[in-house]
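Protein sequences, first through last, are from chains A and B.
Remember, my numbering sits 3 above the position in the first sequence when you count from 1.
Remember, my numbering sits 3 above the position in the second sequence when you count from 1.
Glycine residues also receive a C-beta, built at the ideal position from the N, C-alpha and C atoms.
Some notes on the structure that comes next.
Protein chains: 2
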Amino acid sequence: MEHSARQNLGVSAYARLKRDIIRGVHPAGEKLLMSNLRQRYDLGTGPLREALSQLVAEHLVVAISQRGYRVAPMSVAELEDIYDARAHLEGLIVELAIARGDDAWEADILAKAHTLAKVMDVSGPEEMLDIWDRRHQAFHGAIAAGCGSRHLLQAREGLLDQVERYRHLWLCETVFSSEALEYKRQEHAALVEALLARDASEVCHMIREHLMTPVPIIREVMKRRGLE
Amino acid sequence: MEHSARQNLGVSAYARLKRDIIRGVHPAGEKLLMSNLRQRYDLGTGPLREALSQLVAEHLVVAISQRGYRVAPMSVAELEDIYDARAHLEGLIVELAIARGDDAWEADILAKAHTLAKVMDVSGPEEMLDIWDRRHQAFHGAIAAGCGSRHLLQAREGLLDQVERYRHLWLCETVFSSEALEYKRQEHAALVEALLARDASEVCHMIREHLMTPVPIIREVMKRRGLE
DNA sequence: TCTTTGCAAAATATCTACATTTTTAAAAAA
DNA sequence: TTTTTTAAAAATGTAGATATTTTGCAAAGA
């Protein structure tokens with residue numbers, strides 16, 4: 004009964020490649036040489052091309068016919084466009100969630116906010132980054148889930164995938180700064196309060212602010228690294 | 004200079020498969036047998052798996068590990084969710100477009116509205132459907148483009164891909180009915196007028212109405228065909 | 001009799017290795 | 001320099017090997 008359902012290799016190749024692209028192991032614009040990938044991930048071309056095709060569909064990789072694959076480029080212009088799009092979409096979704104969310108929705112938000120606030124620097128900083136990010140995503144995910152539309156949430160996921168590489172730059176700066184973390188914690192608490200009060204316009208405004216704060220920081224990091 | 008840039012086979016496999024799924028050649032839920040696909044599209048498994056991987060990323064196909072691929076199911080519940088999501092997202096985008104669109108935007112809308120209104124039943128009805136649909140999409144695309152956000156438009160494209168199968172059911176009913184076409188033509192004209200007047204709340208309301216009209220018709224078709 | 005179980009055969013999905021085509025680079029010629 | 005030629009590198013496609021799932025059928029159990 005527990006044969007640990009063997010995944011096909013394409014699926015794990017996809018997960019590993021995506022993770023490495025987001026973390027900058029494969030930087031923006033890098034040529035993804037089949038021979039390198041085969042060696043690095045110990046896979047044949049078949050599964051790799053499957054994984055790359057999916058990443059192309061997600062716009063994290065671009066394919067040039069007969070010339071292989073490349074990590075999608077990054078730019079400050081794109082950074083700004085993604086965050087702009089996210090702010091608007093997230094605003095729409097939160098508005099719907101406030102109109103449609105039920106008691107279970109509220110309870111879930113409280114639960115996720117609690118676990119997020121309790122993240123402590125117990126193990127190494129690398130671990131810390133993972134845990135904080137996971138719980139942070141879960142918290143915002145719980146808020147968005149209230150909109151009740153699978154397809155709006157799907158669109159939101161798409162933008163999340165796009166922003167991940169930029170957000171990773173920010174995470175590395177932020178998670179290790181306890182004052183930045185403390186500031187976020189306060190924002191989250193205020194957000195929960197406004198959500199429970201179902202104050203739509205207030206929440207919209209707060210979410211927007213909250214979402215956009217990383218932008219100047221990321222812009223700075225990108226300039227420092229010459230990624231503009 | 005014009006070597007007609009050879010595409011890799013995966014790309015054309017993707018286009019053909021997608022088209023056939025949207026048109027119902029491969030109905031919802033159908034098992035996509037490799038041997039059948041190889042025969043039908045005259046391709047090896049490699050390019051086919053590439054194409055299928057992309058379609059999986061777009062949620063038009065679902066993959067079950069070691070058990071191959073299946074056309075994603077359809078349901079009335081999904082129909083309603085997609086249209087709901089679309090109505091909200093399109094509303095958001097149009098609002099932004101009204102705030103941000105310039106003169107070129109207005110001009111492009113007028114141009115596209117004109118070509119759409121001029122579609123005549125010159126050749127066969129099959130051809131007619133293609134042309135009307137293409138111009139209809141171009142018209143609404145021109146309106147949305149005004150929002151100026153590549154990533155919001157990308158999210159919109161994603162929903163369009165999702166809805167395409169349902170919309171195809173509707174198109175077949177509508178395009179051959181000249182009164183339905185005439186009704187649409189009036190809606191479009193009114194929409195253009197309100198857009199040029201930059202009456203955001205009016206446009207939002209109209210777009211929503213315009214977008215949702217197909218839903219009851221499609222629901223009917225689905226029931227008739229036992230796709231509920 | 002009807003249902004369940006076990007097994008082997010067939011069908012199917014998946015992967016790899018190699019053949020083919022195309023691009024890139026390097027060297028030679030103009 | 002600029003162009004042409006040539007060799008190496010890389011991408012792409014196919015055929016066949018391997019592993020997995022499904023199916024058909026018979027025997028056991030209810």
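Nearest-angstrom beta carbon gap, residue j and residue i [assumed within contact, 8 Å]
i       : j       : result
L99(B)  : H91(A)  : 7 Å
A60(A)  : A60(B)  : 3 Å
F142(A) : H208(A) : Not quite, the Cβ-Cβ distance comes to about 18 Å (not below 8 Å), so this is no contact.
I112(B) : V224(B) : Actually they are not in contact, since the Cβ atoms of I112(B) and V224(B) sit about 30 Å apart, beyond 8 Å.
Inter-residue spacing [alpha-carbon to alpha-carbon] between residue i and residue j
i       : j       : result
E130(B) : Q165(A) : 37 Å
R52(B)  : G13(B)  : 8 Å
A18(B)  : L55(B)  : 10 Å
K226(A) : M77(A)  : 12 Å
M4(B)   : Q69(A)  : The predicted model places M4(B) with a pLDDT of 35, which falls under 50 and marks its position as unreliable, so this point remains unresolved.
R168(A) : S152(B) : 19 Å
I146(B) : I134(B) : 19 Å
L36(B)  : Q57(A)  : 20 Å
S158(B) : L95(B)  : The sequence shown places Ala at residue 158(B), not Ser. Near 12 Å, if we compare the C-alpha coordinates of L95(B) and A158(B).
E212(B) : Y86(A)  : 29 Å
G144(B) : R103(B) : 15 Å
V65(A)  : V28(B)  : 29 Å
D124(B) : E93(B)  : 30 Å
R201(A) : Q189(B) : 39 Å
Y186(A) : I210(B) : 41 Å
A183(A) : D84(A)  : 24 Å
T160(A) : R43(B)  : Looking at the sequence shown, residue 160(A) is not Thr but Glu. Going by the C-alpha atoms only, they are around 34 Å apart.
Q140(B) : Q10(B)  : 26 Å
A193(B) : G71(B)  : 48 Å
H154(B) : H154(A) : 16 Å
Paired residues, beta bridge with residue i - DSSP
i      : result
R73(A) : K34(A), V65(A)
Unbroken alpha helix (DSSP H) run spanning residue i, endpoints
i       : result
M123(B) : Premise fails: M123(B) is in no alpha helix (DSSP H) and is neither H nor E.
T48(B)  : 48–60
G94(B)  : 79–103
R222(B) : 217–227
S15(A)  : 12–25
D164(B) : 153–177
R188(B) : 181–199
Cβ-based neighbour list, residue i, same chain, cut-off 8 Å, excluding 5 preceding and 5 following
i       : result
R26(A)  : H171
R138(B) : K115, T118, L119, V122
E109(B) : L198, L199
I67(B)  : R73
A31(A)  : V74, A75, P76, M77, R168, L230
L156(B) : I96, A147, A148, C150
E205(A) : A197
A107(B) : none
Sequence-distant residues of its chain with Cβ nearer than 6 Å to residue i (five each side left out)
i       : result
L46(B)  : L12, A16
H6(B)   : Any reading at H6(B) must be qualified, since the residue scores a pLDDT of 41, below 50, and its modelled position is unreliable; no value is offered.
P219(B) : none
A203(B) : E98, I101
D23(A)  : H29
P50(B)  : L12, G13, A16
P217(B) : W173
K34(B)  : R73
Any non-hydrogen atom of the ligand SAM within 7 Å of residue i CB
i       : result
A148(A) : In the structure shown, the ligand SAM is absent, as is every other ligand, since no ligand is present at all.
Spatial neighbours of residue i in its chain, beta-carbon cut-off 7 Å, leaving aside the 5 residues before and after
i       : result
L174(A) : L132, D136
K21(B)  : L58, L63
R89(B)  : L162, V166, L214
R222(B) : V79, L82
R228(A) : none
T48(A)  : M37, R41
E176(A) : I220, V224
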